[in-house]
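Beneath this line is the structure, given in structure tokens, with notes to follow.
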Amino acid sequence: MSNQERPVPRRPRVRAPELIGKGGWLNTGGQPYTLAALRGRIVVLDFWTFCCINCLHVLDELRELEEKHRDTVVVIGVHSPKFVHEAEHQAVVDAVERYGVEHPVLDDPELATWKQYAVRAWPTLVVIDPEGYVVAQHAGEGHVHAIERLVGELEAEHTAKGTLRRGDGPYVAPEPEPTVLRFPGKALALPSGTFLVSDTTRHQLVELAEDGESVVRRVGSGKRGFTDGTGDTVTFSEPQGLALLDDGSVVVADTVNHALRRLHLATGEVTTLAGTGRQWWQGSPTSGPAREVDLSSPWDVACWQSRVWIAMAGVHQLWAYDPQDGTVAVTAGTTNEGLVDGPAGEAWFAQPSGLAATPERLWLADSETSALRWVEPDGSVHTAVGTGLFDFGHRDGAAEQALLQHPLGVTALPDGSVAVSDTYNHALRRYDPATGEVTTLATDLREPSDAVLAGDDIVVVESARHRLTRLRLPEEAVQVAEVAHRTQREATEVAPGRLELDVIFQAPAGQKLDTRYGPSTRLLVSSTPPELLRGGEGAGTDLSRALELDPAVPEGVLHVSAMAASCDDDPDNEYPACHVHQQDRGVPVRLTEAGTDRLPLVLAGMDA
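Sequence positions in the sequence shown follow the numbering used here and run 290 to 897.
Set out below in structure tokens:
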């Protein structure tokens with residue numbers, strides 16, 4: 290049979306389940322939607338939760354696709370919570386505005402649609418064709434280029450069939466709120482007595498007077514962008530952390546631009562210190578001249594040991610910028626997501642989001658493990674509060690049993706203790722290293738994300754109330770009722786003994802695995818507790834692996850990091866465009882004789 294006669298293989302199609310969510314719809318002007326109402330459009334479901342940095346990366350990846358195919362593609366966010374706080378409807382409303390989500394969002398607090406689509410990880414993208422069939426599924430980041438190619442094919446196919454319906458989408462923008470700040474992220478007390486605040490959702494820095502309310506000046510145009518300059522010519526993209534340098538200027542973690550910026554307070558001039566504007570991927574340089582190295586969602590910064598330490602939330606690491614030689618380098622973490630203490634090069638973090646330096650320690654809020662941790666001058670990493678990715682709550686007392694819920698900020702206090710902005714508990718907590726005790730300093734805050742000292746007071750960034758709130762540091766702790774939670778995500782029941790792990794990856798149409806420089810795939814497997822795995826842990830290049838689970842360990846978490854690189858399949862193109870597809874996930878498992886002996890995890894494609 291000639292190439293011309295060979296039939297084109299049909300894309301597998303599965304009827305898409307209906308969209309169900311007890312929290313209802315956002316960004317639609319109050320209008321609920323069904324898949325039947327969207328028939329004729331290409332629908333991309335984005336299963337996300339607002340705590341997840343990888344989900345926030347995908348929101349940014351989707352912006353160009355949405356704009357380019359606005360009359361044929363409808364992106365729908367399906368908000369599927371991990372933390373208890375994320376199941377609150379108002380918290381989802383806030384997150385949709387905070388992160389500039391410009392498409393409809395279904396609030397699914399009970400994970401009903403997540404379960405219908407058999408989703409196993411945040412983020413997951415599902416493509417539904419104009420006739421209502423699922424035609425692709427992708428987990429993790431880096432897939433939008435493949436989805437755009439698929440969208441082009443679907444547009445051509447369904448235009449020819451007469452089943453494509455063009456027109457305006459269902460998105461309805463909410464009315465803007467006239468507040469001074471909008472979801473501020475971090476604050477810095479300046480030597481003048483004023484406060485500098487990262488006004489994250491408005492892409493600006495705002496200097497407030499000593500009262501914490503009156504605006505002294507704004508820095509930045511207020512539009513998302515990446516330009517240096519002064520005044521309204523400067524642009525940021527969701528800036529967060531702030532730190533004062535020895536020369537009196539301020540370093541800014543420009544989070545969504547994957548960059549560090551410098552604000553000269555006297556002139557208002559902003560320049561770029563580090564980052565290229567591109568996101569770091571596996572295989573990218575991990576050190577070098579700061580303006581030539583990619584970063585990944587720097588969330589906070591702190592000056593310690595003559596360097597600017599960076600909470601690199603996007604890759605679960607700590608990095609540092611050296612002002613003396615203008616370089617950046619990894620200082621701790623492996624890029625694996627979890628809670629592992631030890632030497633800097635072996636430690637695991639999970640979205641470090643807040644830093645505070647003392648001469649003896651660098652404290653950090655490790656948000657996804659709901660943990661307070663610290664780094665010693667020798668680089669070793671230790672945990673004060675927190676147990677792992679799936680346990681959280683509000684419990685005071687001895688640090689080894691105390692619980693936080695997704696903290697984003699940490700503040701060193703004058704007595705050697707630290708205050709924790711316990712974001713999803715709406716509280717300010719305190720850990721005292723001298724006693725090993727955790728107490729609650731204040732409650733009824735709304736998503737506090739940072740705090741700074743001002744004399745005898747502490748000024749809290751109440752992010753979801755769009756303000757700074759001044760509190761007197763109390764001598765006695767507030768008493769609260771204890772609560773403890775596990776993530777709402779159900780554990781996968783697996784059989785003890787041999788378990789076949791299959792990471793599903795199919796290169797997008799028109800692409801092939803990139804094998805020019807060796808294997809193009811990578812799989813790293815470990816477990817919590819480590820005793821769960823009797824075999825199969827470690828790194829390799831095959832995306833399928835036989836694991837051996839210890840029957841004596843009833844439950845745990847499999848940590849699976851998968852990566853595949855694909856390039857355009859055009860023999861005439863000497864420099865084909867290449868793309869990295871990546872997903873890091875923790876899979877809660879429960880061992881039972883009736884459980885499955887195969888664990889399929891979709892990276893890209895459909896599991897046959």
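Cβ atoms here follow ideal geometry from the backbone N, Cα and C, with glycine treated the same way.
Asked: Taking all protein chains shown into account, do 16 or more other C-beta atoms lie within 10 angstroms of the C-beta of Pro296, making it buried, or fewer, making it exposed?; Found: With a pLDDT of 43 at Pro296, under the threshold of 50, the predicted position of this residue should be treated as unreliable, though the coordinate-derived value follows. Burial call: exposed.
Asked: Using DSSP with H/G/I as helix, E/B as strand and the rest coil, what is Cys344?; Found: helix
Asked: Spatial neighbours of Glu820 within its chain, please: C-beta separation below 7 Å, excluding the five flanking residues on both sides.; Found: Asp839 and Val842
Asked: Please go through the same chain and pick out, in chain order, the residues whose beta-carbon is closer than 6 Å to the beta-carbon of Gly603, but skip the five residues on each side of it.; Found: Ile342, Ser585 and Ser586
Asked: Return helix, strand or coil for Leu832, following the three-state DSSP convention.; Found: coil
Asked: Buried or exposed, going by whether 16 or more other CB atoms sit within 10 Å of the CB of Val814?; Found: buried
Asked: With distances taken between CB atoms, is the gap from Ala798 to Leu439 smaller than 9 Å?; Found: yes
Asked: Is there contact between the segment 416–431 and the segment 334–351, where contact requires at least three CB pairs shorter than 8 Å?; Found: yes
Asked: Quick one, which of Lys801, Pro696 and Glu464 has its alpha-carbon nearest Asp857's?; Found: Lys801
Asked: Quick check on Tyr720: does DSSP put it in helix, strand or coil?; Found: strand
Asked: With C-beta atoms as the reference, is His459 less than 9 Å away from Val363?; Found: First, the residue type needs correcting, since residue 459 is Pro and not His in the sequence shown. Contact flag set, yes.
Asked: Checking 9 Å against the spacing of the C-beta atoms, do Cys592 and Ala532 come in under that value?; Found: yes
Asked: Would Asn316 be called buried (16 or more neighbouring beta carbons within 10 Å of its own) or exposed?; Found: buried
Asked: Decide if the segment 493–501 is in contact with the segment 346–359; the criterion is three or more beta carbon pairs, one per stretch, under 8 Å apart.; Found: no
Asked: Taking just the CA atoms, how far does Val619 sit from Leu549?; Found: 15 Å
Asked: How far does the alpha helix (DSSP H) with Gln405 in it extend, from its first residue to its last?; Found: Ala401 to Gln405
Asked: Does the Cβ of Tyr610 have 16 or more other Cβ atoms within 10 Å, making it buried, or fewer, making it exposed?; Found: buried
Asked: Identify whether Leu554 lies in helix, strand or coil by the three-state DSSP scheme.; Found: coil
Asked: Could you please give the first and the last residue of the uninterrupted alpha helix (DSSP H) stretch that includes Glu789?; Found: Where Glu789 is concerned, there is no enclosing alpha helix (DSSP H), although the beta strand (DSSP E) it sits in stretches over Gly786 to Phe794.
Asked: Considering only the beta carbon of each residue, do Glu527 and Arg513 sit closer than 9 Å?; Found: yes
Asked: Just to confirm my understanding: we take Thr758, look at its own chain, exclude 5 residues before and 5 after, and list those with CB closer than 6 Å. What are they?; Found: Val749 and Glu751
Asked: Which residue from Ala883, Gly829 and Ser510 puts its Cα closest to that of Val559?; Found: Ser510
Asked: Tell me whether Asn292 is buried or exposed, calling it buried when 16 or more other Cβ atoms sit within 10 Å of its Cβ.; Found: Here the model assigns Asn292 a pLDDT of 41, short of 50, so the residue's position is not dependable, and the following value carries that caveat. Its Cβ having fewer than 16 others within 10 Å, Asn292 is exposed.
Asked: Go through the segment 704–772 residue by residue and report every complete run of the beta strand (DSSP E) that reaches 3 residues or more, in order.; Found: 707–711, 716–721, 726–731, 737–743, 746–751 and 756–761
Asked: Which residues does DSSP pair with Val629 in a beta bridge?; Found: Trp637
Asked: Give the list of continuous beta strand (DSSP E) stretches no shorter than 3 residues that lie fully inside the segment 369–449.; Found: 394–396, 413–417 and 422–428
Asked: Tell me the residue span of the beta strand (DSSP E) that contains Ile309.; Found: Unbroken run through Ile309: none, as it is neither H nor E.
Asked: For Gln320, which beta-bridge partners are listed by DSSP?; Found: None; Gln320 has no bridge partner.
Asked: Taking the C-alpha atoms as reference points, what is the distance between Leu892 and Leu324?; Found: 25 Å
Asked: Whole angstroms is fine: what's the gap from Met601's alpha carbon to Asp583's?; Found: 11 Å
Asked: For Val649, list the residues DSSP reports as bridge partners.; Found: The sequence as given places Glu at residue 649; Val does not occur at that position. None, per the DSSP bridge assignment.
Asked: In terms of alpha-carbon separation, which member of Leu628, Gly564, Ala770 and Leu479 lies closest to Ala579?; Found: Gly564
Asked: Here's a check: name, in chain order, each residue in its chain whose Cβ is nearer than 7 Å to the Cβ of Ser503, leaving out the five neighbours to either side.; Found: Leu497
Asked: Can you name the residues that DSSP bridges to Gln606?; Found: Met601
Asked: Tell me which residue opens and which closes the beta strand (DSSP E) that Val619 is part of.; Found: Thr616 to Ala621
Asked: For Gly845, which three-state DSSP category applies?; Found: strand
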